[in-house]
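J.: Residue numbers for the sequence shown follow the working numbering, so the first one is 756 and each next one is one higher.
The beta carbon of each residue, even a glycine, is placed where N, CA and C say it ideally should be.
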Amino acid sequence: MYYSSQPTVVSPEITLFEALFEQNTITPEDNKLFIDCDQPEHYFTRKSLKQEILIFAQGLKDVYNIGFGDVVAICAPNHLDWPVALHAPHVIGAITASIRNGEGDENVVKDSATVNPKLIIAHKDTLCAVRMAAKHVGLQDTHILVFGDQSIDGIRPFRSVLMNHSTPAVPVKLTPQELRTMPIFLYYTSGTTGTKKSVILTNLLMVSMLNSKDPCASPTTRYLSYAKNAHASSLMLTMTLFVKEGQEIYLMKDFSFQALCEAVQKHKIQILVIQPWVAAALAREPLVDNYDISSLTLAYCAGSALDPMTMARFKERHKIALYNVYGMTEVLSALKATPESIERNAVGVLCYGYSAKLVDENGNEVQDGEVGEICLKGHTITPGYYNNPAATAAAFDEEGFFHCGDLFKVDKDGYFYYMSRIKDVIKYYSYHITPPEIEDVLITHPEVSECCAVGHYVEDMATEVPKAFVVLSYSEKKSVTEEELVEYANSRLPEQMRLRGGVVILSELPRSPLGKVQRNALRHQMGQPMKVDPLHSSLGLLTPLPSPTPVIK
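1. Pick helix, strand or coil for C1106, following the three-state DSSP scheme.
2. Less than 7 Å separating the beta-carbons of P1031 and L1061?
3. Which term fits T1084, buried or exposed, when burial requires 16 or more other beta carbons within 10 angstroms of its beta carbon?
4. Quick check on the DSSP output: the alpha helix (DSSP H) that includes N751 runs from which residue to which?
5. I need the boundaries of the beta strand (DSSP E) containing C1016, first residue and last residue.
6. What residue from L1197, T922, D1044, Y798 has the CA that sits closest to K816's CA?
7. Compute the distance between the beta-carbons of V1226 and R1278, then report whether it is under 7 Å.
8. Looking only at C-alpha atoms, which of P926, K1091, Y1005 sits nearest to I769?
9. Can you tell which of K952, A1076, V1086, A1244 has its C-alpha closest to the C-alpha of H1200?
10. To the nearest angstrom, how far is the alpha carbon of A1146 from that of R1176?
11. In its own chain, which residues sit with a C-beta less than 8 Å from the C-beta of E1154, not counting the 5 before and 5 after it?
12. Assuming F1163 and I1129 make a contact with CB atoms under 8 Å, what is their CB distance in whole Å?
13. Taking the alpha-carbon positions, what's the I781 to A774 distance?
14. Give me, in chain order, the residues of the same chain whose beta-carbon lies closer than 6 Å to that of Y758; leave out the 5 immediate sequence neighbours on both sides.
15. Give the straight-line distance between the Cα atoms of L1053 and T1218, rounded to the nearest whole angstrom.
16. Taking L1053 as part of the beta strand (DSSP E), name the residues at either end of that continuous run.
17. According to the Cβ coordinates, are R1312 and V1220 closer than 7 Å?
18. Mind checking who P938 pairs with in its DSSP beta bridge?
19. Determine, using beta carbons only, whether A828 and I899 come nearer to each other than 7 Å.
20. Nearest by alpha-carbon distance to S980: which of T950, T957, F1012, S973 is it?
21. Could you say which of D1179, N1119, N1100 lies nearest to F1171 if we only look at CA atoms?
22. Which parts of the segment 1066-1154 are runs of the alpha helix (DSSP H), unbroken and 4 residues or longer, counting only runs that do not cross its ends?
23. Taking L850 as the reference, which of V1080, D793, N1119, F940 has the closest Cα?
24. Would you call the CB atoms of Y978 and I1026 closer than 7 Å?
25. I'd like to know if the segment 792-812 and the segment 830-839 are in contact, where contact means that at least 3 CB-CB pairs between them fall below 8 Å.
26. Determine which residues share a DSSP beta bridge with V1213 and list them.
27. State the Cα-Cα distance for the pair P795 and K1008, rounded to the nearest angstrom.
28. Tell me, please, which residues DSSP counts as bridged to L1027.
29. Starting from Y1183, follow its DSSP beta bridges and name the residues at the other end.
30. Looking at the strands, I want to know which residues DSSP matches up with T800.
31. Determine the DSSP secondary structure at I821, reduced to helix, strand or coil.
32. So, do the segment 950-965 and the segment 895-914 have three or more beta carbon pairs nearer to each other than 8 Å?
33. Quick check on the burial criterion: 16 or more other C-beta atoms within 10 angstroms. Buried or exposed for C883?
34. Return the first residue and the last residue of the beta strand (DSSP E) that S989 is part of.
35. To the nearest angstrom, how far is the alpha carbon of Q806 from that of V818?
36. With distances taken from CA atoms, which of A1148, A1149, V998 is nearest N786?
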């Protein structure tokens, strides 16, 4: 069993709204807070955002009779009004459900059915899917609103419906029990390990998360937010932590790698939160040299694990720290990244108030230095899944520990090292191989920008063999071959980890809308290497290519 050595912080029993807008802050109320990246003349200050939230909340009560326990869903890409729509419902005791867009109309319908919203806020790009979802849950078009100032196909803009008055809502007062148990946000799991679930986040959980974080920077520090607001990482950072700290948050609506570089240069951005593939591009792509991004002072990598070589390349090129952070929708803040954890290539140490254990497949705790599933207990862990008691019961053991499904090891000083998702372990005969053990070797090749190792089942051998998919760094001429990469890796890997399934070079690894590598897509088309859209385009469907002969060694 492992316990946090961090100083204990007592979180006040207050609502998230109070923590963000009514506690003392060193940030002047008239400082810019949320800024439209494309149209920076459009922005919210802390004062104007608070006022808009309260007016919106009163509109929810007056027009739609929204109250305690009712769900208001948002299904829209990034928009300057997102924080208004997100925070208004919990001011009056209601719940905001974040429905991810861009994953297909069917998913919007399913996710909406899970939470049964009383009102859905959409966008012109999601309106078709939202109408399908509304019909499925029995809502009329009058219970759909759109971001913006104009009606779209008969659907009214939320500002004209909910903001056309001047009476602010009076925030609800909650008991300590309600602060602990009442949902205020419903955010969805990624679905990479099965059916997506709606994760409950409460006032006390969110306030505790805010208090568990050291200040990232001083007020007026400029932060660029390009990740979709519907993701839990954006909720934790863009929509809460940086609001509390008073950073200038530049909201990017349409992401591309080039647009990110342009925005950093134009707005002199100082903080970025990026995914591993963006970190790899910033570390290796020549395109970066076309822009002055020297304003950057700090970067965090989230979403999935980042290999040590990419971290080193990033630091060498940009001369700033890149923190590799760990979290999931159910666990917003459990491990604290530190300068020492960077030096050790570790994720970090336990945050205050947390305990952890690492267990084997039989539920027995493993010894120090051994790999096991991380199980966590702490104040920023979800109380469960919305309308899904069976999944909630399955996620926690009899001691109250949440089972994360991730493999870690811990050193003698209490630093935690991410190894792999349990489901991604490659089982070669009696050996259990975590993909990063192979990926950390392949990524050291000077022409490799990204890589992903998976298990390829071979019927004649009745076992999985390691196989790798590789993205090369940009250059005018590609000289390295798949065979040479196999030889490079195999000469540096133990016998059992050698790439008996070969290497396939791709233009890009397939990714989910969350930016996570879709290992299942690689496994399912193992005999048909895939080609996807180039680095700077949006994510597209996978296109099979003619199958090459795998290199077996």
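T.: This is what the structure holds:
1. Note: C1106 maps to coil in three-state DSSP.
2. At the C-beta level, P1031 and L1061 come within 7 Å of one another.
3. It is buried - the Cβ of T1084 has at least 16 other Cβ atoms within 10 Å.
4. Only positions 756 to 1308 of the chain appear in the structure, and residue 751 is not among them; the question remains open.
5. Segment 1012-1022 is the alpha helix (DSSP H) holding C1016; no beta strand (DSSP E) there.
6. Here the closest residue by C-alpha is T922.
7. No, the pair does not count as a contact, with Cβ atoms beyond the cut-off.
8. Residue nearest to I769 within the set P926, K1091, Y1005 is P926 (criterion: CA-CA distance).
9. Answer by Cα proximity: A1244.
10. Their Cα atoms are separated by approximately 19 Å.
11. Contacts found: K1132.
12. Contact between F1163 and I1129 holds, since their C-beta atoms are separated by about 4 Å, short of 8 Å.
13. Between I781 and A774, the alpha-carbon positions lie close to 13 Å from each other.
14. Taken in chain order, the residues that qualify are S1110.
15. Rounded to the nearest angstrom, the two C-alpha atoms are 44 Å apart.
16. If you look at L1053, you'll find it in the beta strand (DSSP E) that goes 1053-1056.
17. The requested residue 1312 does not occur in the structure, where the chain is confined to residues 756 to 1308.
18. According to DSSP, P938 bridges with T957.
19. It is not a contact, given that the beta carbons lie outside the stated cut-off.
20. Among T950, T957, F1012, S973, the Cα nearest to that of S980 belongs to F1012.
21. For the residues D1179, N1119, N1100, the minimum Cα distance to F1171 belongs to N1100.
22. Considered as a whole, the segment 1066-1154 harbours 1094-1099, 1144-1150 as its complete alpha helix (DSSP H) runs of no fewer than 4 residues, in chain order.
23. Checking the sequence, you will find Ile at residue 850 rather than Leu. Looking at the Cα atoms, F940 is the closest of the given residues.
24. Closer than 7 Å, so yes.
25. Contact between the segment 792-812 and the segment 830-839 is present: 3 or more CB-CB pairs across the two stretches fall below 8 Å.
26. Partner(s): T1218.
27. Cα-Cα distance, rounded: 12 Å.
28. L979, A1054, per the DSSP bridge assignment.
29. For Y1183, the pairing in a beta bridge is given by DSSP as Y1186.
30. Note: T800 is bridge-paired with K787 in the DSSP secondary-structure output.
31. In this structure, I821 counts as coil in the three-state DSSP scheme.
32. Too few Cβ pairs lie closer than 8 Å, so no.
33. With fewer than 16 other Cβ atoms within 10 Å, it is exposed.
34. No beta strand (DSSP E) contains S989, which is instead part of the alpha helix (DSSP H) from 987-991.
35. Their Cα atoms are separated by approximately 18 Å.
36. Closest by alpha carbon: V998.
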